[in-house]
Structures are given as structure tokens and as C-alpha cells.
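At the far end of the sequence shown sits residue 329, using my numbering, and the numbering has no gaps.
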Amino acid sequence: MKYAYEDLSDDQFEKLIVILCQRLLGMSVKGFAKGPDGGRDAKFVGTAELLPSTTDPWVGTVIVQAKHTNGYNRNFGEADFYSKQSKDTVIGKEVSRITKLRKSGQLNHYMLFANRRLAGNADQVITQHIAEECNLPESSIYLCGLEQLELFMRQFPEVPALADLDPVDSPLIVSPDELAIVVEAIASHEVDLSTVLDALPAERTSYETKNSLNNMTPEYAAALRRRYLKDTAQIRTFLAAPENLDILRSYEATTEEFQMKIISKRKDFQNFDAVMEYLLDLLFQRDPILRQKQHRRLTRAVLFYMYWNCDIGEIVDAETE
């Protein structure tokens, strides 16, 4: 079976990679520990059991990195992951750390696992780049993407079970698909979301009460209201139009999923500001439509509408009033 690695938390993915590396290198692989520079490495010292082969195994210190993303269909060649011209990328930051470890004699071989697709040309280019920048032989560098990761899961079918990939422990993950339909429909309909209306939409649970119930900070609430309140009436009118019934159903499916997921994972966040920003980051990361420049503000406006309209977040229970 194929696993939805994008729905795992970083910790779950790291645990999976540690157990896999115990099969590939040996049982003495030590789990990921946060270093002084914020990086997290797993480590193996000794003679590898299977890598790169049983006849010519690695010997020495192997440093392992796991780079997890909640994004869909990501790949090693994307600009945020690798760019020869920029050090502010995943690989750019890794090169700096590998170089330091090499100079201090703490690294002989390097492995990087990511839940991204790894094309052959990207594998070659990135491996050569790391080798040249870090004075490390190409034969001592191993990159593993989704394709090879799936092969390993079939080769070692006990690994996912040992990693205890329990959905209960998964992070707050939502699907962007239905929301993308709503945002794209509003954008293509050319609803003017820049006009400030004189008539503001009616509130249900008051904004102030809702913010208090959800532990949204006054500063964040004020910024949301100032930026997006003017958009809510247009969004409401668009969704209420009879010809947009299918879009309304996509909106309702979105809010139902978001609300149930928020309820189940709310304890993981200090305040509702963090919930909103986490959701936005996740949505932009997972969907190419939502992260388009012309749709980013509209996505924020629709998410605010969900909150303002009491479709997500805690509200006063009418039966207890």
C-alpha cells in the first residue's frame, strides 16, 4: 500500500525513518536529537548492513536527516528545497551543517529522506552539489524520495507497524480541495472584495464573545476584522446565490471538515491565532491554486468568513444560554 506521508507529523515521519535506517544500517541507529543549531539528526556509527551494498558497506559515522512536508506532490527540484544560487533552502542549510560536521570529523556518510518525488536528474544534481560543497564523495551521499521510500516499505513491511503510525497522533491536517473550488469560483466570478460596504453582516455569537471563547488575541482579532470584514457580505451573497449551490456545498463540506479537525486538535495550539495561521500555511503548502499570488488574500478572506460566520471555532451554545 502507499502511505499518506504528507498527513504525518514531523515526529511520526522521523520515527519511521529511524526504524527504516535500523534495517538499512543497523540497530544502533540513534533517533533524531535536536542540535545546537536547531537541526535534528539521526546517527549511526559502525559498518552498515545493507548500504550501499552488503559487499561494499559504508564504514564510519552516518548522519541521517528526515525532511518532512505536509504538502501534496512536492519534489526535490522545487526552489524552496534546492537552488544552486541560494543558501536559504533545505539543501542550502544542510550543506552548511554537513560542512561543519565534516570539519569536526563527525560525518563520513550522509543520508537525506524526504516525502518528495526525486527525479533522476535532481538526484544527480543535488548529490553533486553536496559533494562539491562539503568535500564528501558522491558515493557517501544517499538521497531518498517517495519512490524509493515506497519500495523500502514493501521490502520491510514491518516498519510502518513498528513506527506506530497512529492517526490519533497525527497533526491538524485538512484537505484543501473543496476550499480551492470555492476560492477559484469566487475569483473567476470577479466578486469585488475590495469595496467596503456600508451594511456590515449580522453577527451570531458576537465577535468579542467568540474571540474570548476561542482564545484569539485582541491584536490578531483586530487585524482580521480590519482587513477582511469588508469582504464577508460579498462572500455571503455569492454563496447564497441559487446558481452557486454546488459552490455552497463545497463550502459546507470544507467547514464541516475544518471544524471537526479543529475540535479534535485544538489542544495542540496555544491560541486561535495559531490555529488560523497554521491552517493557512498548510493550505498554501498543499494546494497550488490557493498559493497563487492572486488567490492568497482571497483564501485568507474566506477563512475569516468561516470564523466570522461561526462555521469554525467555538460559539455560545444557544441551549445553555
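Cβ coordinates follow ideal geometry from the N, Cα and C atoms, glycine included.
Keep in mind the model is a prediction, meaning the values are calculated, not measured.
For the 8 Å Cβ check, are there 3 or more pairs between the region 90-98 and the region 291-310?
In short, these stretches do not touch, since the Cβ pair count stays below three.
Check VAL37 in the structure and name its three-state DSSP category.
Here VAL37 sits in coil by DSSP.
May I ask you to verify whether the region 23-41 touches the region 50-63, counting CB pairs closer than 8 Å and requiring at least 3?
Judged by Cβ distances under 8 Å, the region 23-41 makes contact with the region 50-63, as three or more pairs qualify.
If you compare alpha carbons, which of LEU298, TYR215 and LEU109 is closest to GLY321?
The residue with the shortest Cα to Cα distance from GLY321 is TYR215.
Name the DSSP bridge partner or partners of HIS117?
In the DSSP output, where bridge partners are listed per residue, HIS117 has VAL70.
Any contact of the region 146-154 with the region 107-122, i.e. 3+ C-beta pairs under 8 Å?
At 8 Å Cβ cutoff, the stretches touch.
From ARG162 to SER258, what does the alpha carbon distance come to, in whole angstroms?
Each residue's alpha carbon lies about 36 Å from the other.
Do GLU186 and THR240 have their C-beta atoms within less than 9 Å of each other?
Their beta carbons are not under 9 Å apart, which means GLU186 does not touch THR240 by this criterion.
Since CYS142 is in the alpha helix (DSSP H), which residue starts that stretch and which ends it?
Run containing CYS142: 128-142, per the alpha helix (DSSP H) assignment.
Mind checking which residues open and close the beta strand (DSSP E) that includes ARG48?
ARG48 -> beta strand (DSSP E) spans 48-55.
Using the Cα positions of LYS275 and ILE323, report the straight-line distance between them to the nearest angstrom.
Each residue's alpha carbon lies about 16 Å from the other.
Considering only residues of the same chain and omitting the five flanking positions on each side of LEU291, which have a CB-CB separation below 7 Å?
Only PRO184, LEU187, LEU298 and THR307 meet the Cβ criterion.
Can you confirm whether the region 74-93 touches the region 15-25 when touching is taken to mean that 3 or more C-beta pairs between the two stretches lie within less than 8 Å?
They touch, by the three-pair rule.
My parser needs the alpha helix (DSSP H) runs of 4 or more residues fully inside the region 203-282; what are they?
Runs found: 215-222, 226-248 and 253-273.
Which residue comes first and which comes last in the beta strand (DSSP E) that contains ILE320?
Element bounds for ILE320: n/a, residue is neither H nor E.
So what does DSSP say about ARG299, is it helix, strand or coil?
Correct three-state label for ARG299: coil.
ASP254: buried (16+ other C-beta within 10 angstroms of its C-beta) or exposed?
Exposed.
Between TYR315 and ASP281, which are expected to be in contact by the criterion C-beta below 8 Å, what is the C-beta distance as a whole number of angstroms?
That belief does not hold up - the Cβ atoms of TYR315 and ASP281 are roughly 11 Å apart, past 8 Å.
Taking all protein chains shown into account, do 16 or more other C-beta atoms lie within 10 angstroms of the C-beta of GLN73, making it buried, or fewer, making it exposed?
Flag for GLN73 reads buried.
Excluding the 5 residues preceding and the 5 following ASP206 in the sequence, name in chain order all residues of the same chain whose CB lies nearer than 6 Å to its CB.
Any answer about ASP206 is weak, because its pLDDT of 38 lies below 50 and its placement is not dependable; what the coordinates show is given next. Excluding sequence neighbours, ASP206 sits near nothing in its chain.
Once DSSP output is grouped into helix, strand and coil, what is the label at ILE149?
Three-state DSSP puts ILE149 in a strand.
When you compare only the Cα positions, how much space is there between ASP131 and PHE84?
One C-alpha to the other measures close to 8 Å.
Give a yes or no on whether the C-beta atoms belonging to TYR313 and TYR236 are separated by under 9 Å.
Closer than 9 Å, so yes.
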